[in-house]
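Have a look at the structure below, then the notes.
In my numbering, the protein residues as written are 43 to 441.
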């Protein structure tokens, strides 16, 4: 079947999508990578077509991951303005930085889904798709005739991912959500920051987590389809994803009945832990997590063996109880040397350590260069840099 005229490709670009000019057959924007034996291996999701009825961050992050795995992602955007992310800034040579981040290796098509003809076009596209993803509010897709029941009836093999703020059921299902709001509702803000100043995680962590769970759920459903021949509904919520990030905090509350205290950049159980200001104004991160590390730290790094015999610091619980006094001592010691000297000492002692770096320093990090973590992609305004996929498989099946 010929591809609909609606998808007018320009080197894998339409509207303003991104690619790397690595065009495969039938509009596939992925190509193979060399394996260890020198042969070319297709990306793992090559041949999988994803229809993405998405906007903002959570849904686009999920399909961004699928595109990196080689899927042919067709992004549906509204006429005129496109994805809401396009309006947030214009720092990337006139493009929105968030849009550049989330939409490389996708194709984009303009459809007014609110019209009967536009919705009909999307239903026809879904009949040929392997995956349909939507992250609009619960009920929007159904009202447009793009709900799971309708699309699954037309295409029983379709994997349908419904990504929403609170899921497809429950008393909050119709509540609109953004990352900040979910961080607050799910306890992340209450457990982040300092005792007198709660804070949110700076990056949109609940969007990212929900996107990761969506991509994983989609891949699992595709694997399941290989055995059953049938697609299914993948129900992902930002709220559920945020709950999964709370770590041991719920367990502590269940067994002790205590809200976790906010400890800023310190650790609830490990002391010393966190950034310490050096003489040159740079912060050095420490993680002295075991009894052996504490002994090495005192002997080889700060040269304060007297602390080892101090009854206030004899073990982990004692160091936690006397956290403030110990941190004042370590802070004073770290102000006596430059960060480079502390890094040398920590590295020589084979203790976990690091610097607190700004974005510019991170992008110039030697490990970024060694891992080839930045690559250029083609865009409507020419090549732009992006961060490489974190997925690294030995036979190279990442697009």
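Note that the Cβ used here is the ideal one computed from N, Cα and C, for glycine as well.
For residue j and residue i, the rounded distance between their alpha carbons
i: residue 107; j: residue 330; result: 35 Å
i: residue 168; j: residue 410; result: 39 Å
i: residue 376; j: residue 320; result: 5 Å
i: residue 223; j: residue 303; result: 21 Å
i: residue 365; j: residue 187; result: 59 Å
i: residue 352; j: residue 407; result: 39 Å
i: residue 72; j: residue 143; result: Residue placement at residue 72 is flagged as unreliable, the pLDDT there being 44, under the threshold of 50; the coordinate-derived value follows with that caveat. Straight-line Cα distance between these residues: approximately 17 Å.
i: residue 336; j: residue 426; result: 45 Å
i: residue 405; j: residue 227; result: 33 Å
i: residue 309; j: residue 343; result: 20 Å
i: residue 433; j: residue 111; result: 9 Å
i: residue 386; j: residue 338; result: 14 Å
i: residue 418; j: residue 182; result: 36 Å
i: residue 394; j: residue 388; result: 7 Å
i: residue 361; j: residue 384; result: 22 Å
i: residue 257; j: residue 363; result: 43 Å
i: residue 179; j: residue 151; result: 21 Å
i: residue 207; j: residue 225; result: 11 Å
i: residue 314; j: residue 428; result: 36 Å
i: residue 104; j: residue 263; result: 14 Å
i: residue 359; j: residue 237; result: 21 Å
i: residue 190; j: residue 298; result: 43 Å
i: residue 265; j: residue 356; result: 52 Å
i: residue 267; j: residue 184; result: 24 Å
i: residue 378; j: residue 332; result: 25 Å
i: residue 367; j: residue 290; result: 26 Å
i: residue 158; j: residue 196; result: 17 Å
i: residue 488; j: residue 292; result: Coverage of the chain is limited to positions 43 through 441, which leaves residue 488 absent and any answer about it impossible.
i: residue 401; j: residue 192; result: 46 Å
i: residue 403; j: residue 392; result: 23 Å
i: residue 214; j: residue 420; result: 41 Å
N-terminal and C-terminal residue of the alpha helix (DSSP H) that residue i is part of
i: residue 169; result: 158 to 169
i: residue 267; result: 247 to 270
i: residue 333; result: 333 to 338
i: residue 94; result: Element bounds for residue 94: not the alpha helix (DSSP H) but the beta strand (DSSP E), 91 to 95.
i: residue 174; result: Where residue 174 is concerned, there is no enclosing alpha helix (DSSP H), although the beta strand (DSSP E) it sits in stretches over 173 to 176.
i: residue 195; result: 190 to 196
i: residue 222; result: 221 to 227
i: residue 468; result: Missing from the structure shown is residue 468; the chain here goes from 43 to 441 and no further.
i: residue 298; result: 291 to 298
Whether residue i touches residue j by CB criterion (7 Å)
i: residue 204; j: residue 210; result: yes
i: residue 246; j: residue 221; result: yes
i: residue 259; j: residue 278; result: yes
i: residue 390; j: residue 253; result: no
i: residue 148; j: residue 115; result: yes
i: residue 255; j: residue 284; result: no
i: residue 251; j: residue 287; result: yes
i: residue 423; j: residue 136; result: yes
i: residue 430; j: residue 415; result: yes
i: residue 280; j: residue 248; result: yes
Nonlocal neighbours in the same chain, by C-beta distance under 8 Å from residue i, ignoring five residues either side
i: residue 125; result: 96, 97, 98, 102, 117, 119, 141, 145
i: residue 155; result: 95, 118, 120, 161, 164, 186, 188
i: residue 399; result: 407
i: residue 294; result: 300, 302
i: residue 44; result: Reliability fails at residue 44, whose pLDDT of 36 lies under 50, so the model's placement of it is uncertain and the value that follows must be treated cautiously. Here the set comprises nothing.
Own chain partners of residue i with C-beta closer than 6 Å, once the 5 adjacent residues on each side are dropped
i: residue 340; result: 346, 347, 349, 350
i: residue 113; result: 87, 90, 92
i: residue 316; result: 307, 308
i: residue 177; result: 96, 100, 101, 205
Residue i, enclosing beta strand (DSSP E) - first and last residue
i: residue 395; result: 395 to 397
i: residue 317; result: 315 to 319
i: residue 184; result: Segment 182 to 185 is the alpha helix (DSSP H) holding residue 184; no beta strand (DSSP E) there.
i: residue 427; result: 426 to 429
i: residue 363; result: Where residue 363 is concerned, there is no enclosing beta strand (DSSP E), although the alpha helix (DSSP H) it sits in stretches over 358 to 363.
i: residue 277; result: 275 to 279
i: residue 329; result: 325 to 329
i: residue 418; result: 416 to 419
i: residue 410; result: No beta strand (DSSP E) contains residue 410, which is instead part of the alpha helix (DSSP H) from 408 to 412.
i: residue 404; result: Looking at the DSSP string, residue 404 is not in any beta strand (DSSP E); the run it does join, the alpha helix (DSSP H), is 401 to 405.
Own chain partners of residue i with C-beta closer than 7 Å, once the 5 adjacent residues on each side are dropped
i: residue 139; result: 131, 133
i: residue 128; result: 138, 141
i: residue 318; result: 325, 326, 328, 372, 373, 376
i: residue 381; result: 320, 322, 324, 326, 397
i: residue 194; result: 200, 202, 273
i: residue 217; result: 207, 208
Would you call the region 161 to 176 in contact with the region 86 to 100, where contact means no fewer than 3 C-beta pairs closer than 8 Å? Yes, the region 161 to 176 touches the region 86 to 100.
Is it the case that the region 242 to 258 contacts the region 155 to 169, given that we only count it when at least three CB pairs across the two stretches are under 8 Å? Contact fails: fewer than three Cβ-Cβ distances are below 8 Å.
Below 8 Å, can you find three or more Cβ-Cβ pairs linking the region 262 to 282 to the region 306 to 326? The region 262 to 282 is not in contact with the region 306 to 326.
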